[in-house]
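Numbering-wise (the working numbering), the sequence shown opens with residue -14 and increments by one.
C-beta atoms are modelled at their ideal positions from N, C-alpha and C, and glycine is treated no differently.
Remember, it's a predicted structure, so these values are computed and weren't measured experimentally.
Step one of this worksheet: look at the structure below.
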Amino acid sequence: MGQVVVISTGGTIASRWQGSGFAADARGGDVLATAAVPDGVTVRVVDLMSVNSARLTTRDQLALLRTVHEVLADPAVDGIVVTHGTDTLEESAFLLDLHHHDPRPVVLTGAQLPLEAPDGDGPRNLHDALLAASSAALRGHGVLVAFDGQVHAARGTIKVQTLAADAFADPSGSPVADVKDGRLLVRRRPDRPQPLPLPAAGTPLPRVDIVTHHCDADPLLLNAAVDAGARGVVLVATGAGNATPEVVAAVEAAVARGVLVALTTRVPAGPVAEIYTHGGAVDLAAAGAVLTGTLRAGQARIAVLAAALAHPTGDTDDRTHALRRALGAPAA
Ligand code: ASP
């Protein structure tokens, strides 16, 4: 038990009625005031921003990353809670996790119901996040997501419900811990590859796009992303990672232009795998696409972004190596 810093970024947990709909506008102190603070925990609030998370930019996410590292420079801090909109929480959580090289927990949370909702889920989620962030049992577990009585590893965890309280899960894995009757029950320690160094200040921010394959799709949108200057493209393929011979040709051309192409799937759970040819993952991998295991589109994009930020200029091989490192895959 000890000192936790809450970094407030907005989201539904900080949202109030604006006359036509809800939007984030509350400060971190107002959000904190709704929650019971676990015994023995002291809290300091850092107000970073108050926005709905669908509006976040790479610049915002890097500001959050730097703030986390600045806060952790203080050895008196035992852990961090980030309050965040649920819509893109999985993306920010994964970016933080990729660069987290500190045993102290960083725990993201939010809410499905707004700040002033009677029986809202924000107070409980924030309490549980404070408990997790101050827990010695979660040291060395990386960046975590506390939501609806469970604590998940950042890597692999996605938003799985648009409205229901159990908004987050790893469809290919299992929770790291449960919170029951105010107590934390730790179940497992997530596997995490070596963290990446922080991107250098002033690094140009690369464009990274996501393109989804479907019946009757052609390579037009993938090519448009490349023509728009994308340094990376995530191809959300069908099944275990399949598209068409035409998409394979477009991937090959993109890779030849130095674009990092990552392959994930529309299917909720399971890894992408090299099984099929005639446009399948066998051919996409041969064309230079990097398979992203069980990461889904938003987190695959963050892995590509981190790789592009690590090597803003120079060789494609360096970026591919950084992407494989972010994926925890062998460097080959
Ligand atoms: N639209 C909100 C956001 O992501 C949703 C939420 O926080 O639950 O900011």
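Within 6 Å: the Cβ of Gly6 and any heavy atom of the ligand ASP? One-based indexing of the sequence shown puts residue 6 at position 21. No - the ligand ASP has no heavy atom lying nearer than 6 Å to the Cβ of Gly6.
Can you tell me whether DSSP reads His306 as helix, strand or coil? The residue you call residue 306 lines up with position 321 of the sequence shown. If DSSP states are grouped into helix, strand and coil, His306 belongs with the helices.
Tell whether a beta-carbon distance below 7 Å holds between Gly33 and Val(-9). Your numbering for residue 33 matches position 48 in the sequence shown. Your numbering for residue -9 matches position 6 in the sequence shown. For the sequence presented, residue 33 should be read as Leu rather than Gly. No; because the gap between Cβ atoms is not below 7 Å, this pair is not in contact.
Counting only the same chain and skipping the five closest in sequence on each side, list residues whose C-beta sits under 6 Å from that of Glu259. Taking the sequence shown and counting its residues from 1, the one referred to as residue 259 is at position 274. Counting only Cβ-Cβ distances below 6 Å, and skipping sequence neighbours, we find Ala266, Val267 and Ala270.
So what does Leu248 bridge to, in DSSP terms? Reading the sequence shown from its first residue, position 263 is the one you call residue 248. Leu220 and Leu276, per the DSSP bridge assignment.
Name the DSSP bridge partner or partners of His137? Residue 137 sits at position 152 when you count from the first residue of the sequence shown. Note: His137 sits in a beta bridge opposite Val130.
Quickly, what does DSSP pair Ser(-7) with across the bridge? List them, please. On the sequence shown, residue -7 is found 8 positions in, with the first residue counted as 1. BP columns for Ser(-7) point to Asp32 and Thr68.
Identify the residues that DSSP records as bridge partners of Leu170: which are they? One-based indexing of the sequence shown puts residue 170 at position 185. DSSP lists Asp163 as partners of Leu170.
Proximal residues to Thr73 (C-beta, below 8 Å), its chain only, five neighbours per side dropped: Here residue 73 refers to the residue found at position 88 of the sequence shown. Closer than 8 Å at Cβ, skipping near neighbours: Ser38, Ala39, Leu41 and Gly283.
Leu312 to Pro178, Cα distance in whole Å? If you number the sequence shown from 1, residue 312 lands on position 327. If you number the sequence shown from 1, residue 178 lands on position 193. Taking the straight line from one Cα to the other gives about 7 Å.
Counted within 10 angstroms of its Cβ, other Cβ atoms place Gly278 as buried (16 or more) or exposed: Working through the sequence shown from its first residue, we reach residue 278 at position 293. Label assigned to Gly278: buried.
To the nearest angstrom, how far is it from the Cα of Ala239 to the Cα of Pro184? Position 254 of the sequence shown, counted from the start, is the residue given in the question as residue 239. Position 199 of the sequence shown, counted from the start, is the residue given in the question as residue 184. The straight-line gap from Cα to Cα measures roughly 24 Å.
Can you give the Cα-Cα distance for Ser319 and His296, rounded to whole angstroms? The question about residue 319 has no answer here: the residues shown for the chain are numbered -14 through 317.
Since Leu181 and Arg286 should fall inside the 8 Å C-beta cutoff, what is the C-beta to C-beta distance between them, to a whole number of angstroms? Working through the sequence shown from its first residue, we reach residue 181 at position 196. Working through the sequence shown from its first residue, we reach residue 286 at position 301. Not really, about 15 Å apart at Cβ, beyond 8 Å.
Where Leu148 and Ala96 are concerned, what is the direct C-alpha to C-alpha distance, given to the nearest angstrom? Position 163 of the sequence shown holds residue 148. Position 111 of the sequence shown holds residue 96. Approximately 10 Å between the Cα atoms of the pair.
Indicate, with yes or no, if the ligand ASP has a heavy atom lying under 6 Å from the CB of Thr249. Counted from its first residue, the sequence shown places residue 249 at position 264. Answer for Thr249: no, Cβ out of range of the ligand ASP.
Does the beta-carbon of Asn110, which I'm using as the reference point, lie nearer than 6 Å to any heavy atom of the ligand ASP? Here residue 110 refers to the residue found at position 125 when the sequence shown is read from its first residue. Incorrect: Asn110 has no Cβ contact closer than 6 Å to the ligand ASP.
Identity of the residues DSSP links to Thr27 by a beta bridge: By one-based count along the sequence shown, residue 27 stands at place 42. For Thr27, the pairing in a beta bridge is given by DSSP as Gln(-12).
Assuming Ala150 contacts Asp133 (C-beta within less than 8 Å), just tell me the rounded distance between them. If you number the sequence shown from 1, residue 150 lands on position 165. If you number the sequence shown from 1, residue 133 lands on position 148. Going by Cβ atoms, the distance from Ala150 to Asp133 rounds to 5 Å, so yes, they are a contact pair.
Same chain, Cβ closer than 7 Å to Thr262, five either side skipped, listed in chain order: Indexing the sequence shown from 1 puts residue 262 at position 277. Same-chain partners within the cutoff: Asp268.
Which residues in the same chain as Leu83 place their Cβ atom closer than 8 Å to its Cβ, once the five residues preceding and following it in sequence are excluded? If you number the sequence shown from 1, residue 83 lands on position 98. Same-chain partners within the cutoff: Pro180, Leu181, Ile287, Ala288, Ala291 and Ala311.
Under the criterion of a Cβ to heavy atom distance below 6 Å, does Ser318 qualify as lining the ligand ASP? This structure cannot speak to residue 318, because the chain is shown only from -14 to 317.
Alpha carbon to alpha carbon, what distance is there between Ala78 and Gly14? Counting from 1 along the sequence shown, the entry for residue 14 is found at position 29. Counting from 1 along the sequence shown, the entry for residue 78 is found at position 93. Distance between Gly14 and Ala78, taken at the CA atoms: about 22 Å.
Reduced DSSP category for Ala58 - H, G, I as helix; E, B as strand; rest coil: Within the sequence shown, numbered from 1, the residue matching residue 58 stands at position 73. Residue state, collapsed to three classes: coil.
To which residues does DSSP link Ala9 through a beta bridge? Sequence index remark: in the sequence shown, residue 9 carries index 24 (1-based). Its beta-bridge partners are Ser0.
Below 6 Å, is the gap between the Cβ of Gly283 and the nearest heavy atom of the ligand ASP? Locating residue 283 in the sequence shown gives position 298, where the first residue counts as 1. No, Cβ of Gly283 sits at least 6 Å from all heavy atoms of the ligand ASP.
Using the C-alpha atoms, what's the distance from Gly107 back to Pro99? Counted from its first residue, the sequence shown places residue 99 at position 114. Counted from its first residue, the sequence shown places residue 107 at position 122. Near 8 Å, if we compare the C-alpha coordinates of Gly107 and Pro99.
Where Ala316 sits in the DSSP three-state scheme: In the sequence shown, the residue the question calls residue 316 occupies position 331. With a pLDDT of 42 at Ala316, under the threshold of 50, the modelled position of this residue cannot be trusted, and the question is left open.
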